[in-house]
Amino acid sequence: MKPLLRRQPPSREPQSAQAVPRSETFGRLMGYVAHYRGALFWVVLAALLNTGLNLAVTYFLGQGINNLVGPRDLDLFRQTALIMLLCGVFGCLALLVQGLLLAKITQRSIYDLRRQLFNHVMTLSLNFFDRRPIGELMSSLSNDTEVIAQFFRTSLNTTLSEATKLVFIVIIMVWLNWQLAIAALTIAPLVLALLSFVSQFSTPAFRQLQGEVAELNGLMEETISGQKVVIAYNRQDESIDSFTEISLAARNAGKRARFIALMTRPVTAILTNLDIALVSLVGGLLAINGRADVGTVAIFLQYTRQLALPITSISNSLDQLLAALSAAERVFNVMDERPAIQNTPASFALPPIQGHVMFKDVNFAYVPNRPVLKHNSFEALPGQKIGLCGPTGAGKSTLINLITRYYDIYSGDILIDGHSIYNVQKDSLRQQIGIVLQEPFLFSDTVMNNLRYARLDATEKDCIEAAKQANAHEFIERLPNGYDTLLAERGSNLSQGQRQLLTIARMMVQNPRLVILDEATSNVDTRTEQHIQEALTRLMAGRTSFVIAHRLSTIRDSDQILVLKSGEIVEQGTHDSLMQQQGLYHELYMSQFKGKLAGVGVGG
Amino acid sequence: MLPNLRRFLAIYRGYEHHFFISQILLGIAALFTLFIPMLSQYLVDEGLIAGDRTAVFRTVLWMVVFAAVSAVFTMANAWYAVGFSEHTAHVVRLYLYKKIQTFSFGNFDRFPTSNLLGMMVSDVNAIKEAVLQVVTSLVQAPVMVLGAIVLVYRSTPSLVWILWIALALMLIALGVFINKMSHLFEVQQGKMDAVNNVLQEDLSGIRVVKAFVQEQYETRRYDRANQEFRKASLKPVQYAALLQPMLYLVVNLGTVAVFWFGGLGNLAGEITAGQIFAFAQYLGTILIPLVTLANILPQVTAAEASAERMFKVMDEITDVQNSAHPQSAHPEVPQGRIVFEQVSFRYPNQSAQSEPVLKDINLTIEPGQTVAFLGATGAGKSTLVNLIPRFYDVTQGRITIDGIDVREMDLEQLHALCGIALQESVLFSGKVRDNLCYGNPDTPEDDMIAAAKAADAHSFVSAIPEGYDAAVARRGTNFSGGQRQRLAIARSLTTKPKILILDDSTSALDMSTEARVQDAIQDLVGSSTTIFVAQRISTVITADRIFLMEAGEIIAAGTHEELLKTNPLYQEICNSQLGGVTA
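Residue numbers (my numbering), protein chains in the order written: chain A, 6 to 609; chain B, 261 to 843.
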């Protein structure tokens with residue numbers, strides 16, 4: 006049956022590096038918060054209330070002072086005090102509501118972002134994971150989301166409060182006395198101008214600091230991880246000397262950069278204080294000339310002092326915002342990745358297979374123009390054992406990636422029981438293929454749960470039976486809690502051989518008709534090695550198996566041996582027929598003796 | 261309270277004067293900031309109410325002066341603070357690095373590289389940040405609070421009690437908050453780690469997840485951890501959202517109280533309007549440093565944890581140390597005769613009841629011999645050869661070179677005697693020649709090239725345009741695995757060591773190259789004792805003597821032919837590796 010998809014080599018270029026405009030990223034990021042429209046409305050309302058009421062306390066203080074200076078009306082005095090009290094209390098209540106609501110919203114937004122990101126990553130195909138080192142992925146998924154979370158948690162609340170306060174103060178000032186307002190507000194552009202002036206010096210200083218730090222970290226990483234060599238060659242003293250030099254350079258660069266950065270505080274402070282002086286001057290003269298009352302001047306002085314905080318905290322938030330935007334860009338890049346391998350609408354579920362596998366003229370490359378497999382064709386009958394061998398890089402492991410559709414081929418076809426694997430749903434395909442990798446991977450969970458991972462509906466009996474078949478049952482029983490023993494990360498509290506046996510057992514639970522073995526080089530002691538060989542033999546019995554061999558002795562008894570060289574199947578046949586051909590296989594087989602065993606008989 | 265940080269301060273000596281100066285500067289700056297509300301009192305009373313123009317001018321002038329002075333002192337403090345904190349970071353880094361340079365292999369087993377690196381970067385930073393924060397804000401709060409109290413006491417003593425109560429309430433609120441927060445942050449961090457663990461596991465095991473089609477299952481697993489984290493991180497934010505209004509409330513209520521009682525006093529003619537106004541300003545002024553103090557605390561807590569981790573490293577005792585009176589190597593030219601006498605070995609972090617990794621090893625290696633240790637992983641081969649240069653010390657028995665116990669020999673000379681290529685070929689950034697001559701920077705050019713040729717490295721190095729001056733990237737990543745191995749072997753040969761140890765260092769080479777290198781080594785340093793450690797028969801086949809090891813014991817020794825005839829395990833290994841070999 007002809008495959009329904011016409012596959013083109015997928016674009017291997019990483020998602021286009023064209024810069025997404027910051028505003029777009031910002032909008033998308035804020036979307037997570039804006040999702041909670043209802044609660045946000047109340048938050049903004051609370052912010053307006055709280056700002057208004059808290060500022061009102063100052064306002065009424067000023068009015069109260071006017072009263073004391075002027076009419077000295079006792080009733081008015083009592084009233085003013087009462088209003089101040091009410092404003093103060095309710096303003097703080099509003100602040101409380103604002104804070105609590107916003108906290109809930111931001112935490113949910115962060116949760117949403119993380120959940121979306123993870124769910125999306127799970128749908129992506131292997132080419133996404135293979136292209137990136139794990140450290141980089143982790144950094145993206147966990148550090149970047151944390152940076153965004155920090156921004157949400159702290160900056161949003163602060164910016165909302167301070168921005169509202171700023172707007173209110175400006176409005177009230179202008180309304181009360183526009184001349185004083187001008188005097189008071191001259192600070193704003195001055196602060197911003199001076200801050201940007203400072204940042205002009207700080208940017209190059211920080212860049213240099215980053216350079217020194219990178220070098221320092223690089224040196225540390227290199228020598229500490231290679232410390233055994235340093236010890237073996239007695240180079241500790243020189244090591245310390247180089248380190249001291251770089252550490253001092255980093256220290257000096259740090260001093261310069263951090264000092265400049267710290268300048269923002271005294272700069273803002275002196276400007277604020279000078280502004281207060283200015284307001285005092287202008288206000289004082291206006292008051293003396295009768296054009297402003299004492300209370301108003303007092304209010305202005307208070308508000309001017311209160312101006313400094315919003316300006317500095319907003320500029321601080323700006324830094325956090327920029328960091329969050331960079332992080333968001335990376336996160337969205339990941340979210341915009343499309344899975345390379347997808348089902349089509351016409352895909353159907355693969356029925357339980359017998360295990361007849363056919364490769365028809367398969368061509369494939371990971372990276373365009375660097376073909377890994379060329380014109381591969383072969384046929385495997387159900388239950389046959391197919392051995393694959395050849396020099397490193399010949400393409401043997403790639404076969405696994407193709408049969409399971411972790412990667413899609415360029416041209417040709419792969420059929421199982423006559424169905425092209427490109428017409429079936431990938432889940433139904435993968436569930437019927439079992440893989441034992443070179444490096445056994447286990448989860449930090451109980452032994453039983455690891456076994457059940459193959460089939461969530463497997464019973465305990467099924468798992469134990471599988472373990473027995475895989476020669477794993479004895480050592481499991483000897484573990485501290487038997488099947489309920491918790492495995493450490495990656496199963497590291499077991500030996501390599503035991504881990505391998507467990508993965509074989511896991512595959513037995515899965516009970517697939519098609520099995521792929523990427524043979525580990527012998528890394529285990531002889532007895533465990535024997536157990537593994539036995540288990541593997543039992544595993545392969547009656548199942549179509551593909552064995553990638555590093556030691557030719559493992560595939561000697563294959564029904565068919567495929568010899569790969571530079572991506573092509575150059576020889577095909579049984580061990581005997583290939584030995585007679587005296588071709589590549591023969592050469593490989595003989596080279597395992599290195600020809601130094603002249604006089605030692607070689608088994609036919 | 262903060263035991264590790266206190267200990268840390270004790271060892272960090274010699275810079276106290278920087279610290280004191282900076283705190284004095286900060287205190288003065290804080291005081292001058294405090295005076296400005298006082299000036300506004302004069303402004304209102306003498307200037308505005310009395311209508312005195314010169315009073316206004318005078319007050320404004322003083323404001324400008326105070327503002328300038330405060331700024332200057334703040335900047336000076338910043339300069340000292342930055343110098344102090346950066347220098348602290350440098351001192352701490354250097355201290356740690358020097359300590360690490362004294363480590364031997366066993367110490368590294370207890371402190372994996374990633375931990376040490378993390379410590380050098382994040383923990384040092386945490387301490388630096390905490391120091392910076394403390395130096396730039398610690399003194400402010402007490403100075404301002406005390407200053408405010410004094411000033412209020414001087415002007416309106418009858419109202420001082422308002423300040424006391426306000427202060428008390430703010431401090432209580434802060435105290436409760438800080439108390440809760442450190443616990444909550446720990447919980448939050450724990451949940452964060454849990455989320456990251458699921459993530460890490462799923463990313464490294466993605467092939468398994470996909471192979472068993474368990475994407476849904478993993479999604480649910482992650483979701484559970486994510487929910488837990490959301491709930492845990494909500495609490496600290498909620499507490500912060502609680503703290504702010506409480507503090508503002510105290511300030512507001514304080515302002516109302518000042519207005520009420522001050523107003524009554526004013527109506528009675530005892531308190532001026534200016535004094536009321538100034539008091540209200542003080543309330544606002546002292547709030548900020550108190551809040552800053554609260555913000556410092558998480559950083560100080562983090563620094564305390566960092567200091568604790570650091571001291572674990574600092575307190576580590578070097579496993580292998582030079583003896584009190586080290587002997588130099590055999591007085592004449594060293595021969596390279598190695599003898600193991602009843603050697604047993606357990607790793608330093610193993611319990612005394614556990615199985616020793618090496619059991620009762622007795623062997624003699626004659627000078628100039630080429631021997632090999634063969635066995636599966638975990639048999640103890642690398643462990644055994646690591647004992648010769650004293651990378652670890654024996655638990656029982658002794659090892660002698662030319663009759664001298666290695667523990668009596670000068671450690672540096674011992675290392676110089678042995679040339680070693682370890683299992684993992686580590687190269688350093690620099691030039692190829694720097695790497696090859698790592699054991700002795702003054703190696704003559706010819707010796708270096710001869711070593712490179714013997715290791716089959718000369719050909720590919722010469723093929724590079726810069727040749728031996730070519731750059732080696734960090735960790736040698738610009739060379740293939742096989743090339744790195746050959747460079748590492750060349751490095752071990754350059755010093756023409758009397759004892760050459762190659763620990764599985766030809767594993768990336770194909771068999772014919774390996775054979776060539778082995779022959780070339782024999783030609784170059786034939787008079788040296790050469791020790792191969794291997795899992796492949798091909799590596800050991802030509803050795804003068806093969807020691808077959810299993811489970812920490814030497815179960816057989818002899819030439820390849822002898823062992824093939826007499827030892828069943830050896831036959832088995834040959835069979836499985838070479839396939840169908842019969843004697």
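Beta carbons are placed, not taken as given, at the ideal position from N, Cα and C, and that holds for glycine.
- With distances taken between CA atoms, B/Phe280 lies nearest to B/Ala336 out of B/Ala336, B/Thr319 and B/Val324.
- Around A/Asn239, the beta-carbon contacts reaching into chain B at under 8 Å are Glu672, His675, Ala676 and Gly699.
- Contact between B/Thr754 and B/Ile598 does not hold, since their C-beta atoms are separated by about 22 Å, which reaches or exceeds 8 Å.
- Scanning chain B for C-beta atoms nearer than 7 Å to the C-beta of A/Arg136 yields nothing, as the closest lies near 12 Å away.
- Here DSSP, grouped into helix, strand and coil, assigns A/Ser201 to helix.
- In the three-state reduction of the DSSP assignment, A/Gln436 falls in the coil class, being assigned neither a helical nor a strand state.
- Close to chain A, meaning a Cβ-Cβ distance shorter than 9 Å, are the following residues of the segment 364 to 394 of chain B: Ser364, Phe365, Phe368, Thr373, Ser374, Leu376, Leu377, Met380, Val381, Lys388 and Leu392.
- Nearest to B/Ile546 by C-alpha distance, out of B/Ala731, B/Ser767 and B/Leu406, is B/Leu406.
- Contact annotation: the segment 495 to 506 of chain B does not touch the segment 76 to 83 of chain A, with fewer than three C-beta pairs closer than 8 Å.
- The shortest C-alpha to C-alpha distance from A/Lys401 to any of A/Ile553, A/Tyr64 and A/Glu444 is the one to A/Ile553.
- Along the segment 188 to 212 of chain A, none of the residues has a CB nearer than 9 Å to a CB of chain B.
- B/Cys697 sits in coil when the DSSP states are folded into three classes, being neither helix nor strand.
- Counting only residues of its own chain and dropping the five nearest sequence neighbours on each side, A/Gly67 has a CB closer than 7 Å to the CB of Gly300, Thr301, Ala303 and Ile304.
- B/Glu672 sits in a helix when the DSSP states are folded into three classes.
- Chain A has a Cβ within less than 8 Å of the Cβ of B/Ala471.
- With its beta carbon at least 8 Å from every one in chain B, A/Cys394 lies outside the interface.
- The Cβ of B/Ser464 sits closer than 8 Å to at least one Cβ of chain A.
- Separation of the CB atoms of A/Ile346 and A/Asp413 is rounded to 6 Å, and the pair is thereby assigned contact status at 8 Å.
- Taking 8 Å as the upper bound for CB-CB distance, B/Pro297 and B/Tyr542 are in contact here, some 6 Å apart.
- Looking at the backbone, the Cα of A/Gly388 and that of A/Leu519 are separated by about 8 Å.
- Contact between the segment 573 to 586 of chain A and the segment 349 to 357 of chain B is not established, with fewer than three Cβ pairs separated by less than 8 Å.
- In the DSSP assignment, A/Met363 is bridged to A/Glu384 and A/Leu420.
- By the Cβ rule, the segment 22 to 42 of chain A does not count as touching the segment 138 to 152 of chain A, because fewer than three pairs are nearer than 8 Å.
- The three-state reading of DSSP puts A/Arg483 in coil, since its state is none of H, G, I, E or B.
- At a C-beta separation below 8 Å, B/Trp421 has no neighbours in chain A, since its nearest C-beta there lies roughly 18 Å away.
- Shown here, A/Ser550 sits in a strand according to DSSP, grouped into three states.
- The segment 242 to 261 of chain A and the segment 187 to 197 of chain A do not touch, with fewer than three beta-carbon pairs separated by less than 8 Å.
- Three or more beta-carbon pairs separated by less than 8 Å are not found between the segment 138 to 147 of chain A and the segment 55 to 75 of chain A, which leaves the two stretches without contact.
- Exposure of A/Ile176 is indicated by the presence of fewer than 16 other C-beta atoms within 10 angstroms of its C-beta.
- At least 8 Å separates the beta-carbon of B/Ala639 from that of B/Glu822.
- When the alpha-carbon of A/Gln515 is set against those of A/Ser550, A/Glu576 and A/Gly439, the nearest one is in A/Gly439.
- Non-local beta-carbon contacts of B/Ala715 in its own chain, meaning distances under 7 Å to residues more than five positions away in sequence, involve Arg746, Ile749, Ala750, Leu753 and Val777 in chain order.
- Residue pairing from DSSP places A/Gln577 in a beta bridge opposite A/Leu567.
- Where A/Asn71 is concerned, the enclosing alpha helix (DSSP H) starts and stops at Arg42 to Val74.
- Each of A/Gly502, A/Glu227, A/Arg113 and A/Arg263 was checked against the Cα of B/Leu377, and the nearest Cα belongs to A/Glu227.
- In this chain, the alpha helix (DSSP H) harbouring A/Ala39 covers Arg27 to Ala39.
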